[in-house]
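Trainee:
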Amino acid sequence: MEQLISPRAEIHPEAVIGKNVVVEAFAKIDKDVIIGDGTWIGANATIYPGARIGKECKIFPGAVIAAVPQDLKFKGEYSTVEIGDHTTIREYVTVNRGTSSKGYTKVGSHTLLMAYTHLGHDTEVGNHCVIANSVQIAGEVVVEDWAVVGGMSAIHQFCRVGAHAMVSGMSGVLSDVPPYTKVFGVPANYMGINYVGVKRRGFEKSQVDTIHTIYRTIYQSGMNTSQAIEHINMCMESSAEKDQIIEFIKQSKRGIIKSATRAANVTQEA
8 MEQLISPRAE
18 IHPEAVIGKN
28 VVVEAFAKID
38 KDVIIGDGTW
48 IGANATIYPG
58 ARIGKECKIF
68 PGAVIAAVPQ
78 DLKFKGEYST
88 VEIGDHTTIR
98 EYVTVNRGTS
108 SKGYTKVGSH
118 TLLMAYTHLG
128 HDTEVGNHCV
138 IANSVQIAGE
148 VVVEDWAVVG
158 GMSAIHQFCR
168 VGAHAMVSGM
178 SGVLSDVPPY
188 TKVFGVPANY
198 MGINYVGVKR
208 RGFEKSQVDT
218 IHTIYRTIYQ
228 SGMNTSQAIE
238 HINMCMESSA
248 EKDQIIEFIK
258 QSKRGIIKSA
268 TRAANVTQEA
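Counting from 8, one number per residue, gives the positions in the sequence shown under my numbering.
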């Protein structure tokens with residue numbers, strides 16, 4: 008089977024459709040679209056110019072890929088949406104194109120975007136991520152590999168969610184979420200490390216202990232973030248996890264989330 012395209016689908020003659028692609032009735036695929044081999048496009052899905060969809064993806068009914076950005080600064084510049092292989096996009100997900108800021112919005116491979124999720128312009132979602140139902144992600148957000156964002160959460164523009172982090176459902180993320188952490192609340196606060204996630208992914212006990220020690224120093228030692236980072240660098244041996252966490256925090260532009268205890272103390276002092 009080379010292709011199975013419904014005669015009731017609307018496909019622009021300039022669209023590039025790979026082998027073994029299925030396109031259901033009433034789907035719309037515009038010009039300047041590339042769809043990789045083995046991908047399934049459900050009924051009533053709409054794929055606008057600039058979409059680059061990988062192999063063996065599933066695009067469910069009602070999804071809208073590569074619509075123009077919801078950004079008042081957008082002036083019609085050329086931009087794209089890039090989606091990796093083996094990614095699933097469920098019903099009524101919207102993924103907007105990039106702007107002149109980056110020029111693209113990107114979703115990695117083996118990622119799941121559940122129903123009604125929105126990805127704003129110039130956002131990047133990594134590989135093996137799960138973005139649950141009705142999550143709203145603003146423009147220029149970065150969600151790193153293996154992160155999970157729980158249903159009905161919202162992520163503020165320019166925020167970063169680190170690798171292997173867990174944002175619990177109905178949270179409001181206003182600051183950066185460091186790798187391996189678990190956060191919850193509005194605004195989201197640090198609630199510990201993502202033990203369940205890292206264990207499921209085969210992390211050794213020594214790696215988990217290292218992660219725990221780092222965040223215990225950052226959030227429970229009484230030191231500010233800069234002091235905690237200096238202490239960690241002086242007192243802990245180098246490791247992939249340590250280097251990843253320290254680099255993430257150093258690159259943070261919005262600052263990392265606070266712990267629930269520290270946030271409560273700040274509120275009381277105010």
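Here a beta-carbon is modelled for each residue, glycine too, at the ideal position from N, C-alpha and C. Bear in mind that the values here come from a model prediction, so they are computed numbers and not experimental data.
From this set, Pro194, Cys166, Tyr187 and Asp129, which residue's C-alpha is nearest Met177's C-alpha?
Mentor: Pro194
Trainee: Could you tell me the distance, in whole angstroms, from the CA atom of Ile252 to the CA atom of Ile236?
Mentor: 10 Å
Trainee: Just confirm the distance between the C-beta atoms of Asp278 and Ser259, as a whole number of angstroms; I'd bet it's less than 8 Å.
Mentor: Lying before the first or after the last residue shown, residue 278 is absent from the chain, which here runs from 8 to 277.
Trainee: What's the call for Gln223, buried or exposed, on a 16-neighbour Cβ count within 10 Å?
Mentor: The residue you asked about is not Gln; residue 223 is Arg in the sequence shown. Per the 10 Å Cβ criterion, exposed.
Trainee: Three or more C-beta pairs under 8 Å: does that hold for the region 94-103 against the region 68-75?
Mentor: yes
Trainee: Please determine if the region 142-153 and the region 113-129 are in contact, where contact requires at least 3 C-beta pairs separated by less than 8 Å.
Mentor: Flag = yes, the region 142-153 and the region 113-129 touch.
Trainee: For Met282, count neighbouring C-beta atoms within 10 Å of its own C-beta (all shown protein chains included) and say buried if the count is 16 or more, exposed if not.
Mentor: Look at the range of the chain in this structure, 8 to 277, and you will see that residue 282 is not part of it.
Trainee: Just how far apart, CA to CA, sit Ala52 and Ser245?
Mentor: A straight-line Cα-Cα distance of about 48 Å links Ala52 and Ser245.
Trainee: Quick one: give me the first and last residue of the alpha helix (DSSP H) that Gln10 is part of.
Mentor: Note, Gln10: premise wrong, no alpha helix (DSSP H); beta strand (DSSP E) at Gln10 to Ile12.
Trainee: DSSP three-state call for Gln214: helix, strand or coil?
Mentor: Of the three classes helix, strand and coil, the one that applies to Gln214 here is helix, per DSSP.
Trainee: Curious, which full-length beta strand (DSSP E) runs of at least 3 residues does the region 134-203 contain?
Mentor: 188-191 and 196-200
Trainee: DSSP beta-bridge partners for Thr87?
Mentor: In the DSSP assignment, the residues bridged to Thr87 are Tyr111.
Trainee: Three-state secondary structure (DSSP) at Asn103?
Mentor: strand
Trainee: I'd like the span of the alpha helix (DSSP H) that includes Ala74, first residue to last.
Mentor: From DSSP, Ala74 is part of no alpha helix (DSSP H) but of the beta strand (DSSP E) over Val71 to Ala74.
Trainee: May I ask you to report which of helix, strand or coil DSSP gives His238?
Mentor: helix
Trainee: Quick check: what's the CA-CA separation for Lys65 versus Cys242?
Mentor: Their backbone Cα atoms lie some 47 Å apart in a straight line.
Trainee: Starting from Ala286, trace the alpha helix (DSSP H) both ways and give me its first and last residue.
Mentor: Not covered by the structure: residue 286. The range shown for the chain is 8 to 277.
Trainee: What separation, rounded to the nearest whole angstrom, lies between the Cα atoms of Thr268 and Gln227?
Mentor: 9 Å
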